[in-house]
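2 protein chains.
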Amino acid sequence: MTIRTVAADAGVSVAAVSKVLRNAYGVSDGLRAKVEASIEKLGYRPSVAARGMRGQTFTLGVLLVEIANPFLPSVYHGIESVTDEAGYKIMVGVGAARAGREAQLIEQMIDNRMDGLILVASQISGDTLDRYARQIPTVVVGHHEPTASSFDTINSDDFEGARMVVRALYEAGHRDIAMLAMDDKHDHAADVSPQREKGYVAAMAAAGLTPRVIRVPPSNQPREAELRALLAAPDRPRAVFCWSDLDAVPLLNLAHQMGIRVPEDLAIVGYDDSPVAALPLISLASVDQDGRRMGRMAAQALLSRIGGRAVAEHRLITPRLVVRGSLQGG
Amino acid sequence: MTIRTVAADAGVSVAAVSKVLRNAYGVSDGLRAKVEASIEKLGYRPSVAARGMRGQTFTLGVLLVEIANPFLPSVYHGIESVTDEAGYKIMVGVGAARAGREAQLIEQMIDNRMDGLILVASQISGDTLDRYARQIPTVVVGHHEPTASSFDTINSDDFEGARMVVRALYEAGHRDIAMLAMDDKHDHAADVSPQREKGYVAAMAAAGLTPRVIRVPPSNQPREAELRALLAAPDRPRAVFCWSDLDAVPLLNLAHQMGIRVPEDLAIVGYDDSPVAALPLISLASVDQDGRRMGRMAAQALLSRIGGRAVAEHRLITPRLVVRGSLQGG
DNA sequence: GGCGTTTCGTATACCGTTATACGTCAATCA
DNA sequence: TGATTGACGTATAACGGTATACGAAACGCC
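Just so you know, the protein sequences line up as chains A and B, in that order.
Sequence positions in the first sequence follow the working numbering and run 150 to 479.
Sequence positions in the second sequence follow the working numbering and run 150 to 479.
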């Protein structure tokens, strides 16, 4: 069952069928009708692989850091809502939060002749990204590279989000505010955690307070010991801002287990406003990045880039603090 | 940069390079060394698309019902651990819990010349699955079709899991035990929810109790109203077994909000043992399906099927009840 | 009516691999 | 020694589409 089968059935040439498939120029209504009837009758479906060897595949690759991260579904749904309408398909690659793994997946997607790539929270360095982006239209979400010229970036304003948290904690009367940041051994200043850290430090300084950053291993590693140590320490802070709900939710639970009252003894604010944070029993204050919107914008940027735009676009979305019980009792 | 570039650089024929790439017969050590040196030097990567036109793509498709479902990551990781070693790549398709969407994705994966497919919790009917499975090696996870001959199935013993829950609730002294099942308008008895329902009904009958099944809309639709109505009803049951944590977690939170004590006034047991259930503040008893193991078994089955096995294999894994605070106070 | 100009359809080179058929040469065998 | 066998490389026809070049009508214009 190939394009040749269809051509024979419709009594036309192979090229004619191809033209109909591609909406190419030079097809009469009569021809189109004949061909479409045959396609329908035979249930023919063109091979993406063969198609990709010369033309477009109409398939986009989406790379997610980690499948268990609760923030990613919203971004994915945002992307999908846009690409669906435009008639593009999506293939997802899951990179276990390791840069090597991600590079492998990107290459795989290039090998599969995808038309474009959206990388969500990639841990790959700017230089490497740049090299890949020259080979395939690319949009990066959740990775700050505002000067990149070969790809677009869509980000939440992580600096501002952290400042909002510090200000809210300050207004709630807290002065002893610590931050839980991801221990980034690769020192990628472009990642979201360091950005939030900068915002935190700046806001603390602006309020005349001394910043105190505590680093924990990344989320794909166990880190309960570190959290427990923090809570048991004699100089336990009165408020903790966590770079992600992935840390804030376990911290909140651990505090509860250890008999520490939240927020009376310890206020906690997370980041991402994941579904778990919103559960009444958890009630974790958190920063909402509006992942859906970021996904939509990323997809739009990618489509326009595939459409020919060459000059890079860098967007920053202002986040929103969702106040809940872990910040303000009630 | 094609196979021809490499051939020219190494001073050999295109066929020779192809042979080296495929580990085919008739390659001397000297030739192999020359070719591999050129590949390394040029950084050549074969095109999967072109490769797929005649040979294998070494890429497997994994279809997930819904990206936000917290049970799926464990299955995915299980699959990955096996396929990684075997040198296969994975592409993920996300089907928004709609059969039409899933069919579309399956076709897309066939179009992309994937070597095999793993469908996780697919909602597609047995007949349709059968039609696709004839075109491409297929393994189905979380969908009971024990008589299917064209594809393999890997399932948790949902019937037994439900019975375990009823027995545990019975032993805890409960008699008024209801079940929250998914409202399956398509009436797919093969899905997991109806299987659990059967196990529940059987166990209730065995204990001499009257079953009481309450149906709620599927998880991609809002269903807070139904849950709230259940809790507010004058004949509110004393224990509820939920077909999934996706319902049990909101129910638990709602009960707490409405001042209903868990488990004193209402015992709740979920299914899937998702990460949220294990949080101390939630402490939801749940049935653990061991998704990781199911994923591993699915991948192994698929590889052996790709390897030539034609007779279908149907595996049933015994689940395990994880007792927590929502079932037994302490 | 002769001459460009569209419009429409066909023939076919090409995309980057794989796999088969085949040729060459040295080693082995009767 | 001539024939057979294996080992190793090469040439090349697929694979299933796309896109370009091109031919044949139909059309518009003076």
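Don't be surprised by glycine CBs; every beta carbon is placed ideally from N, CA and C.
Just so it is clear, the structure is predicted and the values come from calculations on it, not from any experiment.
Residue burial classification, residue i (beta-carbon count within 10 angstroms, cutoff 16)
i, result
"residue 160 (chain A)", "exposed"
"residue 284 (chain A)", "exposed"
"residue 468 (chain A)", "buried"
"residue 287 (chain B)", "buried"
"residue 440 (chain A)", "buried"
"residue 339 (chain A)", "buried"
"residue 383 (chain A)", "exposed"
"residue 225 (chain B)", "buried"
"residue 380 (chain A)", "buried"
"residue 371 (chain A)", "exposed"
"residue 516 (chain A)", "Coverage of chain A is limited to positions 150 through 479, which leaves residue 516 (chain A) absent and any answer about it impossible."
"residue 408 (chain B)", "exposed"
"residue 200 (chain A)", "buried"
"residue 223 (chain B)", "buried"
"residue 154 (chain A)", "exposed"
"residue 489 (chain B)", "This structure leaves residue 489 (chain B) out entirely; chain B is present only between 150 and 479."
"residue 438 (chain B)", "buried"
"residue 355 (chain A)", "exposed"
"residue 406 (chain B)", "exposed"
Coarse secondary structure for residue i, derived from DSSP in three states
i, result
"residue 433 (chain A)", "coil"
"residue 326 (chain B)", "strand"
"residue 319 (chain A)", "helix"
"residue 208 (chain A)", "strand"
"residue 428 (chain A)", "coil"
"residue 305 (chain B)", "strand"
"residue 416 (chain A)", "strand"
"residue 467 (chain B)", "coil"
"residue 242 (chain A)", "strand"
"residue 389 (chain A)", "strand"
"residue 236 (chain A)", "coil"
"residue 409 (chain B)", "coil"
"residue 175 (chain B)", "coil"
"residue 472 (chain A)", "coil"
"residue 216 (chain A)", "coil"
"residue 287 (chain A)", "strand"
"residue 377 (chain B)", "helix"
"residue 262 (chain B)", "coil"
"residue 269 (chain A)", "strand"
"residue 313 (chain A)", "helix"
"residue 443 (chain B)", "helix"
Given residue i as reference, the closest of the options once Cα atoms are compared
i, options, result
"residue 196 (chain A)", "A:189, A:423, A:152 and A:180", "A:152"
"residue 390 (chain B)", "B:178, B:190, B:312 and B:431", "B:312"
"residue 289 (chain B)", "B:166, B:409 and B:449", "B:449"
"residue 333 (chain A)", "A:351, A:225, A:356 and A:366", "A:366"
"residue 292 (chain B)", "B:354, B:305 and B:201", "B:305"
"residue 395 (chain A)", "B:377, B:428, B:380 and B:180", "B:428"
"residue 206 (chain B)", "B:226, B:238 and B:478", "B:238"
"residue 232 (chain B)", "B:375, B:202, B:217 and B:455", "B:455"
"residue 463 (chain B)", "B:477, B:446, B:282 and B:422", "B:446"
"residue 326 (chain B)", "B:418, B:256 and B:163", "B:418"
"residue 247 (chain B)", "B:236, B:230 and B:271", "B:271"
"residue 422 (chain B)", "B:221, B:299 and B:323", "B:221"
Beta-carbon spacing of residue i, residue j below 8 Å
i, j, result
"residue 210 (chain A)", "residue 240 (chain A)", "yes"
"residue 294 (chain B)", "residue 275 (chain B)", "yes"
"residue 412 (chain A)", "residue 474 (chain A)", "yes"
"residue 303 (chain A)", "residue 443 (chain A)", "yes"
"residue 278 (chain B)", "residue 244 (chain B)", "no"
"residue 369 (chain A)", "residue 215 (chain A)", "yes"
"residue 267 (chain A)", "residue 451 (chain A)", "yes"
"residue 425 (chain A)", "residue 219 (chain A)", "yes"
"residue 301 (chain B)", "residue 461 (chain B)", "yes"
"residue 465 (chain A)", "residue 392 (chain A)", "no"
"residue 331 (chain A)", "residue 342 (chain A)", "yes"
"residue 321 (chain A)", "residue 476 (chain A)", "yes"
"residue 169 (chain A)", "residue 163 (chain A)", "no"
Check: residue i C-beta below 7 Å from any heavy atom of the ligand NAD
i, result
"residue 372 (chain B)", "Absent from the structure shown: the ligand NAD. Ligands present: none."
Next item on the list: Tell me, please, whether the stretch 428–440 of chain A touches the stretch 389–409 of chain A by the rule of three or more beta-carbon pairs shorter than 8 Å.
Entry: Cβ pair count under 8 Å is three or more, so yes.
Margin query: For the structure I just gave you, are there three or more beta carbon pairs, one from the stretch 355–362 of chain A and one from the stretch 327–346 of chain A, closer than 8 Å?
Written below: The stretch 355–362 of chain A makes contact with the stretch 327–346 of chain A; the number of CB pairs closer than 8 Å reaches 3 or more.
Notebook entry, point to check: Touch check for the stretch 413–423 of chain B and the stretch 373–392 of chain B: three-plus C-beta pairs under 8 Å?
Noted result: Result yes; three or more Cβ-Cβ pairs closer than 8 Å.
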